[in-house]
Structures are given as C-alpha cells and as structure tokens.
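S.K.:
Protein chains: 2
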Amino acid sequence: MTVTLADVADACNLSASTVSRALSDPGKVNAATRSRIERVAREMGYVPNRVARSLVSGRTDTIGLIVPDIANPFFPPVIKAVQARARDKGYTVLLADTDEHAADELDRARSLGKQADGLILASPRTSIETLRRLGGNGTVVFANRDVEGAPSVVIDEAEGMSQAVEHLVRLGHRRICYLSGPKRSWSNKQRHEAVVAASAAFGAELLELGPFEPQIQAGMRAADVLQSAGATAAIAYDDLIALGVMARLTEQGMQIGREVSVIGIDDSPMSQAAYPMLTSIHVPGVELGTTAVDLLLARIQDDADAPETDGGAIRLETRLVIRGSTGLPVT
Amino acid sequence: MTVTLADVADACNLSASTVSRALSDPGKVNAATRSRIERVAREMGYVPNRVARSLVSGRTDTIGLIVPDIANPFFPPVIKAVQARARDKGYTVLLADTDEHAADELDRARSLGKQADGLILASPRTSIETLRRLGGNGTVVFANRDVEGAPSVVIDEAEGMSQAVEHLVRLGHRRICYLSGPKRSWSNKQRHEAVVAASAAFGAELLELGPFEPQIQAGMRAADVLQSAGATAAIAYDDLIALGVMARLTEQGMQIGREVSVIGIDDSPMSQAAYPMLTSIHVPGVELGTTAVDLLLARIQDDADAPETDGGAIRLETRLVIRGSTGLPVT
DNA sequence: GGCGGCGCAGCAAACGATTGCGGTACACTC
DNA sequence: GAGTGTACCGCAATCGTTTGCTGCGCCGCC
Numbered sequence: 001m002t003v004t005l006a007d008v009a010d011a012c013n014l015s016a017s018t019v020s021r022a023l024s025d026p027g028k029v030n031a032a033t034r035s036r037i038e039r040v041a042r043e044m045g046y047v048p049n050r051v052a053r054s055l056v057s058g059r060t061d062t063i064g065l066i067v068p069d070i071a072n073p074f075f076p077p078v079i080k081a082v083q084a085r086a087r088d089k090g091y092t093v094l095l096a097d098t099d100e101h102a103a104d105e106l107d108r109a110r111s112l113g114k115q116a117d118g119l120i121l122a123s124p125r126t127s128i129e130t131l132r133r134l135g136g137n138g139t140v141v142f143a144n145r146d147v148e149g150a151p152s153v154v155i156d157e158a159e160g161m162s163q164a165v166e167h168l169v170r171l172g173h174r175r176i177c178y179l180s181g182p183k184r185s186w187s188n189k190q191r192h193e194a195v196v197a198a199s200a201a202f203g204a205e206l207l208e209l210g211p212f213e214p215q216i217q218a219g220m221r222a223a224d225v226l227q228s229a230g231a232t233a234a235i236a237y238d239d240l241i242a243l244g245v246m247a248r249l250t251e252q253g254m255q256i257g258r259e260v261s262v263i264g265i266d267d268s269p270m271s272q273a274a275y276p277m278l279t280s281i282h283v284p285g286v287e288l289g290t291t292a293v294d295l296l297l298a299r300i301q302d303d304a305d306a307p308e309t310d311g312g313a314i315r316l317e318t319r320l321v322i323r324g325s326t327g328l329p330v331t
Numbered sequence: 001m002t003v004t005l006a007d008v009a010d011a012c013n014l015s016a017s018t019v020s021r022a023l024s025d026p027g028k029v030n031a032a033t034r035s036r037i038e039r040v041a042r043e044m045g046y047v048p049n050r051v052a053r054s055l056v057s058g059r060t061d062t063i064g065l066i067v068p069d070i071a072n073p074f075f076p077p078v079i080k081a082v083q084a085r086a087r088d089k090g091y092t093v094l095l096a097d098t099d100e101h102a103a104d105e106l107d108r109a110r111s112l113g114k115q116a117d118g119l120i121l122a123s124p125r126t127s128i129e130t131l132r133r134l135g136g137n138g139t140v141v142f143a144n145r146d147v148e149g150a151p152s153v154v155i156d157e158a159e160g161m162s163q164a165v166e167h168l169v170r171l172g173h174r175r176i177c178y179l180s181g182p183k184r185s186w187s188n189k190q191r192h193e194a195v196v197a198a199s200a201a202f203g204a205e206l207l208e209l210g211p212f213e214p215q216i217q218a219g220m221r222a223a224d225v226l227q228s229a230g231a232t233a234a235i236a237y238d239d240l241i242a243l244g245v246m247a248r249l250t251e252q253g254m255q256i257g258r259e260v261s262v263i264g265i266d267d268s269p270m271s272q273a274a275y276p277m278l279t280s281i282h283v284p285g286v287e288l289g290t291t292a293v294d295l296l297l298a299r300i301q302d303d304a305d306a307p308e309t310d311g312g313a314i315r316l317e318t319r320l321v322i323r324g325s326t327g328l329p330v331t
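Structural data, given as structure tokens:
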C-alpha cells in the first residue's frame with residue numbers, strides 16, 4: 001500500500017542504497033540516475049518513512065514543549081513562536097500542559113523527552129534540584145527560569161518594573177501594592193525583587209498582598225483585599241490578576257485609572273479586553289519562544305555554533321506599555 | 001549507553017523475544033522468569049525504544065491536533081481537553097497552529113498526518129472538498145465542522161442562540177444586531193443561521209454587520225459600526241469581538257447592560273475579564289476536545305466499538321450563560 | 001600495455017523492537 | 001515405556017532507512 005525505498009529501487013532497477021543516497025545525499029550519485037530516481041520516486045508517490053529513518057539516525061526531528069497552563073494568555077504567543085520557529089527549522093512540536101501542577105512536570109518531561117530530540121520547559125514550577133537532574137538527562141533548555149549550568153532564557157524584570165514604579169510615582173502615587181503570584185513561581189520571585197528594588201529607588205511605599213493564583217477569579221479576591229489596604233495603585237503579578245482586580249473594583253463603583261491605578265504584567269492580548277485598557281509591563285513572549293528554540297537546536301545539532309550561553313542565561317528586556325488603567329491619584 | 005532489550009536479555013541469559021513478551025504480553029511467559037526479567041529490566045533502567053516499536057507496529061501512539069489560532073481563548077480549553085484525554089489513553093499530542101491561514105491547513109495536516117496515528121482538525125477553515133480529500137487520506141476527525149462521510153463532532157448552536165435571543169426579547173429588545181465572524185468560517189455560518197432562525201421565532205428584527213475577525217481589535221471597530229445601526233442589543237460571533245465591542249462602547253461612555261446589551265459566544269474564561277462580565281453562549285469546548293479524541297481513537301483502534309457516528313456528526317449542546325452585559329434596554 | 005585512481009552503485013549490517021513458527025523438556029496417560 | 005499434550009522459550013524474519021565497505025568498470029597516465 002505504502003511505497004517504500006525498495007519499491008522505488010525495484011522500479012529503477014537499482015538498489016535501495018542508491019535510491020536513498022540519491023534522495024538525501026546528492027553528489028554521491030550520478031546526476032543522470034539521480035534525476036531518474038527523483039522522477040520515479042515522485043511518480044510513485046514515495047515519501048520517506050520518518051520512523052525508520054529515526055531508528056537509525058537516532059533523531060526524531062521533534063521537540064517537546066512543556067508549559068504550566070495553555071489557558072493563561074501569556075503562553076499562547078510563546079507556543080506559537082516556538083511552533084513557528086521549530087517549523088522553520090524542520091521540527092515539529094510535542095506539547096504538554098501540566099495544569100500548574102508542579103509534580104507533573106518531571107513526569108511529562110520524562111515521557112516527552114523520550115519522543116523528542118530536545119525539550120523546552122517554559123516557566124517550570126518544579127524545584128531547582130529536580131530541574132537540574134532533568135537537565136543532565138537529555139537536551140533541555142529552560143524558558144523563563146534560570147537554571148544554572150543549563151541553557152536558559154529568562155525575562156529581565158528590572159527595567160519594566162522600574163518603568164512601572166516610576167510611572168506611578170510620577171503620577172503621584174506613594175503607596176503601591178504588589179499583588180504577588182504563586183509562591184512556587186520563580187517569576188514571582190523575580191518580579192517581587194524587582195518591585196522591591198524599584199520602590200526603594202523611587203521612594204515609594206510598598207505593600208505586598210497575596211499570594212494569588214494567576215487567574216481572573218483570584219484577581220477578584222485580590223481586589224477585596226486591596227480595598228482595605230489603602231493603596232492608590234497596584235501592580236499585579238500578571239495580567240489575569242490585574243484584570244480580575246479591575247473588574248471587581250469597577251463593579252464596586254471605583255474608577256480605574258482615577259481612584260485607583262492598576263498595572264499588569266505580560267502585556268497579553270487580553271490586556272486590551274477591558275476598559276480602560278490595562279497598563280502592563282510587556283514581556284517578550286515571542287522572543288522567549290524563538291530564542292528557546294534556537295538555543296535548543298543549537299544544542300541538539302551542536303555543530304559548535306552554539307549561541308553564547310556559556311556565561312549564563314540569555315536575558316530578555318521588558319518595558320512598560322502605558323494604557324488607561326493608570327492615572328493621577330484622586331483623593 | 002542506552003540499554004536495549006538485548007542487553008536485558010543477555011543479563012538474564014534469555015532471548016530478546018522472551019524479554020519482550022515478558023514485558024508486554026505477560027501470561028506468555030513463566031511467572032518466575034517474568035518477575036526476574038522485570039526486576040533486571042528495572043535495575044538496568046531499561047525503557048523500550050518507542051521508535052523501534054513504532055517501526056514494526058506501524059503505530060506512533062501520537063495524535064495530531066490542528067487549530068486555527070491558539071491565541072483565541074476558545075481553543076486553549078479544547079487543547080487541554082484533547083491533551084488530557086489523549087494522555088489518559090496513552091497518546092501524546094502534536095500541535096499545529098495555522099494562524100487562521102486556511103491554505104496552511106492542508107499542509108500541516110499532511111505533515112502531521114505522517115507522524116501521527118490520527119489527526120483532529122479543529123474549526124478548519126479550508127474548503128469542504130479539500131477536507132474530504134484529506135479525510136480519505138488517513139485517520140482524521142473534525143471538530144467544530146461537519147464533514148459528511150468523515151467522523152466529526154460539532155456544536156449545535158440552535159439551543160444556545162435561541163436562549164440568547166429569547167433572553168434579549170424578554171428584556172424588551174426588538175432590534176438585535178449580529179456581528180458576524182469571518183466569511184470562511186463554518187461556525188459563523190452555523191451561528192448566523194441560528195440567529196436568523198431564533199430572531200424569526202421570537203419576532204425580533206435582525207441586523208447583520210460584519211464580517212469581523214475574531215479579535216478584540218475587530219470588535220472595537222464593530223462597536224463603531226454598531227453605534228450607527230441603532231440596535232439596543234448585539235450578539236457577537238465570539239467573545240473576543242464582544243469584548244472589543246464592550247471596551248469600545250464603555251470608552252465612549254455607554255453603559256453596557258443598560259444602554260446596550262452585548263452577548264458573546266464561546267463563554268471563554270475571558271468573558272469574566274471585563275466589567276460587566278459578559279453574557280455568553282456557552283460552547284462546550286472541553287467536551288468537544290474529549291469527544292474528538294474518543295472518536296479518533298475509536299477509529300484508530302477500530303476494534304468495532306466505534307461510537308455511533310454512522311448517522312452523522314455528534315452534536316454538542318450550547319446554552320446561554322447570563323451575566324452582566326445584558327439588561328433592560330434604556331431609552 | 002599495465003597500473004593507480006576515481007566515480008558509481010550494490011551488499012549487508014546495523015537501528016531496536018515484535019511475532020509466527022517451531023523446538024525442547026517435562027508431565028501425564030494408557 | 002511409548003505417545004500425546006502443554007507450557008515455555010528461542011530462532012529468525014520483519015519494519016524501512018542509512019551507511020561503511022566492497023566491487024566493478026573505465027579513464028588517464030607513465
């Protein structure tokens with residue numbers, strides 16, 4: 001039913017080896033016979049069996065991508081970027097979602113790792129030891145998490161956060177509230193440190209609330225807590241929390257961008273879904289994805305042209321995108 | 001480096017066949033030797049090579065999923081459901097995103113089709129002929145599109161739409177606007193027909209505007225058009241358009257749920273991101289995903305226990321979820 | 001005219017598992 | 001004690017490609 005290399009070879013009165021070479025390693029074969037082979041192969045509708053090829057080559061031309069939650073709007077752009085880049089390079093991607101369940105990460109990584117040439121772990125929640133163990137196992141790169149010794153690409157929260165705090169302070173806000181994300185989140189740690197530093201730098205008083213899950217519902221609960229804290233501005237761990245806060249406060253009759261200012265992080269497409277539109281710190285998700293793929297592929301094919309990771313993680317810059325959810329404090 | 005069946009066999013002084021049988025087909029092998037084999041295999045850290053297994057079995061234990069746009073919040077839950085179900089059944093999923101680019105669908109399908117045991121095409125935009133051709137090719141099921149002769153699971157828009165229109169009419173709306181989706185979208189056709197039928201049934205005047213892309217930005221543009229149409233209520237092709245409409249109208253000082261009512265479709269998580277929260281027609285994305293997987297696997301393993309598709313597509317019901325974006329018309 | 005070399009193509013051994021077909025040994029029956 | 005059955009296990013082929021090595025014919029050069 002399915003036409004194999006041998007079939008083509010028979011049709012050409014040649015051996016399978018020759019056909020194989022003609023198709024994959026031109027130059028090793030007479031130009032005339034090669035073109036004849038190519039024609040016959042096309043006519044017969046021959047398509048190489050990837051599995052058989054993989055068996056001998058040891059490569060599957062597939063990479064695995066593990067994310068904590070596809071439904072979090074930060075990830076889709078990352079995933080799309082990974083896909084696109086991988087595709088460009090002739091790879092397909094195996095996707096796994098751990099549902100924010102840290103314990104599943106190792107498991108997923110193991111099973112995908114056996115089917116793929118390499119793995120990208122995006123925003124892994126697992127402990128550092130586990131991750132390092134994993135890194136030693138196969139070819140793994142980490143996105144949005146700095147794992148020493150392993151290739152990784154991370155977000156540099158400092159600049160964006162600094163801009164955010166400066167923006168608020170300039171507007172006249174003195175008390176700023178940070179609505180923190182999950183405790184186990186490495187990003188949250190980064191963002192927290194960044195906001196602490198920025199607040200100190202710009203002389204703002206910082207309150208911390210949380211932790212909150214990166215979900216709209218959690219943001220709504222955060223709004224209630226925020227109410228009683230007496231801050232005029234809040235920076236949320238991510239857009240989802242920020243959106244939840246906005247929705248809830250608006251419901252209670254507050255004017256976002258006037259009575260209270262809200263800043264999200266991620267600058268996901270959803271930050272434009274609400275009114276006023278959410279001021280948010282832009283996180284380069286697309287670059288995160290493409291860079292991770294490049295890093296991984298360089299590692300896999302490691303033809304010595306591996307991008308400079310030796311010094312540590314690649315850092316991607318963030319910046320503030322100002323929209324309507326921030327404004328002068330009204331008292 | 002990597003331990004193979006033969007290695008385990010050597011260590012046990014047995015043949016590879018026996019080890020293979022012991023591991024995959026217990027009962028064909030003496031209980032004592034079997035447990036010995038299992039122990040040794042575990043100690044040696046043997047893990048079967050999936051590629052080799054695939055070569056002989058012809059199966060890859062992988063299914064492909066093709067969606068038009070991961071970033072559309074309707075899809076992540078579908079994808080998650082597909083993943084989860086597939087995983088339960090021992091399959092992993094290969095994901096591809098066509099960026100709403102119909103021409104890429106066939107291409108993606110072809111390439112994934114060769115690597116997977118079967119394919120799920122979600123909301124395909126391609127022409128029916130192309131799809132049918134594809135269906136004949138390998139094992140393919142369609143989600144959210146009825147392709148005659150091919151197994152498919154679709155959304156029955158009628159009930160939800162009927163509830164939506166009835167809801168609006170009961171509130172007192174007489175002129176309803178349908179903000180239509182992309183012309184090539186099969187869903188849009190379904191939704192359009194449903195809203196026409198429902199409007200007729202409940203005696204509402206129907207206006208049609210569009211087409212609009214399923215994106216927030218497009219929704220904002222839709223709002224402008226909507227303004228001049230003089231309708232008090234709008235039903236949008238999907239939540240994204242509805243959210244865009246709400247954001248824009250709110251910006252212009254209109255009170256959503258009072259001066260104008262808006263209904264979305266999909267009931268995506270984002271419908272709760274805005275205030276007021278979006279009244280939306282719930283589309284069972286999760287069921288769509290799981291059902292598609294079940295259908296596909298039944299087809300693949302076709303051990304005669306194929307779920308009833310012979311009669312046509314499996315239909316999933318929709319229903320209205322009332323939130324704050326709809327209310328009594330104020331004039 | 002013989003020999004080295006080169007350009008092409010074929011042989012056969014992998015890759016790592018699954019599986020039909022036997023084969024052996026042991027127990028059991030008559 | 002011979003014949004039959006059964007329970008286990010091994011042999012070897014197979015899946016479709018890739019690839020190192022070999023072989024062959026032809027050309028050119030000395």
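As you go down the protein sequences, you meet chains A and B in turn.
Take the first sequence: its position 259, counting from 1, is numbered 259 in UniProt numbering, and each next residue is one higher.
Take the second sequence: its position 326, counting from 1, is numbered 326 in UniProt numbering, and each next residue is one higher.
Where a beta carbon is used, it is the ideal one built from N, C-alpha and C, also for glycine.
Measuring alpha carbon to alpha carbon, tell me which of A:Leu5, A:Asn13, A:Ala198 and A:Ala86 ends up nearest leucine 23 of chain A.
M.R.: Here the question's residue 23 of chain A lines up with position 23 in the first sequence. The shortest Cα separation from leucine 23 of chain A among A:Leu5, A:Asn13, A:Ala198 and A:Ala86 belongs to A:Leu5.
S.K.: Given a threshold of 16 other Cβ atoms within 10 Å of its Cβ, counted over all protein chains shown, does histidine 173 of chain A qualify as buried or as exposed?
M.R.: Residue 173 of chain A sits at position 173 when you count from the first residue of the first sequence. Per the 10 Å Cβ criterion, buried.
S.K.: Quick one: what does DSSP say phenylalanine 75 of chain A is sitting in, helix, strand or coil?
M.R.: Looking up residue 75 of chain A in the first sequence gives position 75. Residue state, collapsed to three classes: helix.
S.K.: Using C-beta distances below 8 Å, list every residue in its chain close to arginine 21 of chain B, excluding the 5 sequence neighbours before and after it, in chain order.
M.R.: Within the second sequence, numbered from 1, the residue matching residue 21 of chain B stands at position 21. Cβ within range, chain order: Lys28 and Val29.
S.K.: How would you call serine 152 of chain B, buried or exposed, if buried means at least 16 neighbouring beta carbons within 10 angstroms?
M.R.: The residue labelled residue 152 of chain B in the question sits at position 152 within the second sequence. It counts as buried.
S.K.: When you compare the CB of alanine 71 of chain B with every CB in chain A, is at least one pair closer than 8 Å?
M.R.: Here residue 71 of chain B corresponds to residue number 71 of the second sequence, with the count starting at 1. Yes - at least one Cβ of chain A is within 8 Å of the one on alanine 71 of chain B.
S.K.: Just list the residues that DSSP pairs tyrosine 237 of chain B with in beta bridges.
M.R.: Against the second sequence, residue 237 of chain B aligns to sequence position 237. Its beta-bridge partners do not exist; DSSP assigns none.
S.K.: Going by beta carbon distance, what residues of the same chain come within less than 6 Å of glycine 160 of chain B, once the five residues before and after it are set aside?
M.R.: Against the second sequence, residue 160 of chain B aligns to sequence position 160. Counting only Cβ-Cβ distances below 6 Å, and skipping sequence neighbours, we find Ile281, Thr318, Arg319 and Leu320.
S.K.: Closer than 8 Å, Cβ to any Cβ of chain B: which residues of the segment 242-272 of chain A, in chain order?
M.R.: Going along the segment 242-272 of chain A in chain order, one finds Leu243, Gly244, Met246, Ala247, Arg248, Thr250, Glu251, Pro269, Met270 and Gln272 with a Cβ nearer than 8 Å to chain B.
S.K.: Bridge partners of arginine 50 of chain B, per DSSP?
M.R.: Translated into the one-based positions of the second sequence, residue 50 of chain B becomes position 50. In DSSP, arginine 50 of chain B forms no bridge with anything.
S.K.: Starting from threonine 62 of chain A, trace the beta strand (DSSP E) in both directions and tell me its first and last residue.
M.R.: Within the first sequence, the letter at position 62 stands for residue 62 of chain A. Residues 62-67.
S.K.: With DSSP run on the structure shown, which of helix, strand or coil describes histidine 101 of chain B?
M.R.: Here residue 101 of chain B refers to the residue found at position 101 when the second sequence is read from its first residue. Correct three-state label for histidine 101 of chain B: coil.
S.K.: Does valine 147 of chain A come out as helix, strand or coil in the three-state DSSP assignment?
M.R.: Here residue 147 of chain A is taken as the residue at index 147 of the first sequence, counted from 1. Three-state DSSP puts valine 147 of chain A in coil, outside helix and strand.
S.K.: Could you pull out every residue in the same chain whose Cβ sits closer than 7 Å to the Cβ of alanine 292 of chain A, ignoring the five residues on either side in sequence?
M.R.: Numbered from 1 along the first sequence, position 292 holds the residue referred to as residue 292 of chain A. So the list reads Val82, Ile120, Val141, Ala143 and Val153, once near-sequence residues are dropped.
S.K.: Can you tell me whether isoleucine 314 of chain B is buried or exposed, with buried defined as 16 or more other CB within 10 angstroms of its CB?
M.R.: As a position in the second sequence, residue 314 of chain B is number 314, starting the count at 1. By the neighbour-count rule (16 or more Cβ atoms within 10 Å), isoleucine 314 of chain B is buried.
S.K.: Could you have a look at glycine 264 of chain A and say whether DSSP puts it in helix, strand or coil?
M.R.: Position 264 of the first sequence, counting from 1, holds the residue named residue 264 of chain A. Reduced to three states, the DSSP call for glycine 264 of chain A is strand.
S.K.: Output, in chain order, the set of chain B residues within a Cβ distance shorter than 9 Å of proline 76 of chain A.
M.R.: Within the first sequence, numbered from 1, the residue matching residue 76 of chain A stands at position 76. Neighbours of proline 76 of chain A on chain B, chain order: Asp69, Ile70, Ala71, Asn72, Pro73, Phe75, Pro76 and Asp97.
S.K.: Just tell me which of A:Val51, A:Arg59, A:Ser57 and A:Val169 has its CA closest to the CA of valine 56 of chain B.
M.R.: As a working mapping, residue 56 of chain B is identified with position 56 in the second sequence. For valine 56 of chain B, the nearest C-alpha among the options comes from A:Val51.
S.K.: Taking the CB atoms as reference points, tell me whether alanine 231 of chain A and isoleucine 265 of chain A lie closer together than 8 Å.
M.R.: For the purposes of this step, residue 231 of chain A is taken as residue 231 along the first sequence, with counting starting at 1. For the purposes of this step, residue 265 of chain A is taken as residue 265 along the first sequence, with counting starting at 1. Contact flag unset, no.
S.K.: Let me check understanding here. Comparing Cα to Cα, which of A:Gly257, A:Ala247, A:Gly312 and A:Arg323 lies closest to glutamine 272 of chain A?
M.R.: Indexing the first sequence from 1 puts residue 272 of chain A at position 272. Cα-wise, what sits closest to glutamine 272 of chain A is A:Arg323.
S.K.: Which same chain residues end up closer than 8 Å to leucine 14 of chain A when comparing Cβ atoms and leaving out the 5 residues on each side of it in sequence?
M.R.: Counting from 1 along the first sequence, the entry for residue 14 of chain A is found at position 14. Taken in chain order, the residues that qualify are Thr33 and Ile37.
S.K.: Would a C-beta distance cut-off of 8 Å place alanine 198 of chain B and serine 162 of chain B closer than the cut-off?
M.R.: For the purposes of this step, residue 198 of chain B is identified with residue 198 of the second sequence, where counting begins at 1. For the purposes of this step, residue 162 of chain B is identified with residue 162 of the second sequence, where counting begins at 1. Closer than 8 Å, so yes.
S.K.: Determine the DSSP secondary structure at phenylalanine 142 of chain A, reduced to helix, strand or coil.
M.R.: Reading the first sequence from its first residue, position 142 is the one you call residue 142 of chain A. Three-state result, phenylalanine 142 of chain A: strand.
S.K.: Under the assumption that proline 214 of chain A contacts leucine 240 of chain A (Cβ atoms under 8 Å), give the Cβ distance between them as a whole number of angstroms.
M.R.: One-based indexing of the first sequence puts residue 214 of chain A at position 214. One-based indexing of the first sequence puts residue 240 of chain A at position 240. Going by Cβ atoms, the distance from proline 214 of chain A to leucine 240 of chain A rounds to 5 Å, so yes, they are a contact pair.
S.K.: What residues from chain B crowd round arginine 50 of chain A, counting only those whose CB sits closer than 8 Å?
M.R.: Counted from its first residue, the first sequence places residue 50 of chain A at position 50. Ordered by position in chain B, the residues that pass the 8 Å Cβ test against arginine 50 of chain A are Lys114 and Gln115.
S.K.: Would you kindly report the start and end of the unbroken alpha helix (DSSP H) that includes arginine 21 of chain B?
M.R.: Residue 21 of chain B sits at position 21 when you count from the first residue of the second sequence. Unbroken alpha helix (DSSP H) run through arginine 21 of chain B: 16-24.
S.K.: On the three-state DSSP scale, how would you describe isoleucine 300 of chain A?
M.R.: Start at 1 with the first residue of the first sequence, and residue 300 of chain A comes out as number 300. It is helical.
S.K.: Under three-state DSSP, which class holds glutamate 213 of chain A?
M.R.: Numbered from 1 along the first sequence, position 213 holds the residue referred to as residue 213 of chain A. Glutamate 213 of chain A: coil per DSSP, three-state reduction.
S.K.: Based on DSSP bridge pairs, tell me the residues matched to leucine 316 of chain B.
M.R.: What you label residue 316 of chain B is simply residue 316 of the second sequence in a count that begins at 1. Leucine 316 of chain B is bridged to B:Ile155.
S.K.: If you follow the beta strand (DSSP E) that isoleucine 281 of chain B is in, where does it begin and where does it stop?
M.R.: In the second sequence, counting from the first residue as 1, residue 281 of chain B sits at position 281. Start and end: 279-282.
S.K.: Is DSSP giving arginine 110 of chain A helix, strand or coil here?
M.R.: Start at 1 with the first residue of the first sequence, and residue 110 of chain A comes out as number 110. Looking at arginine 110 of chain A - three-state DSSP - the assignment turns out to be helix.
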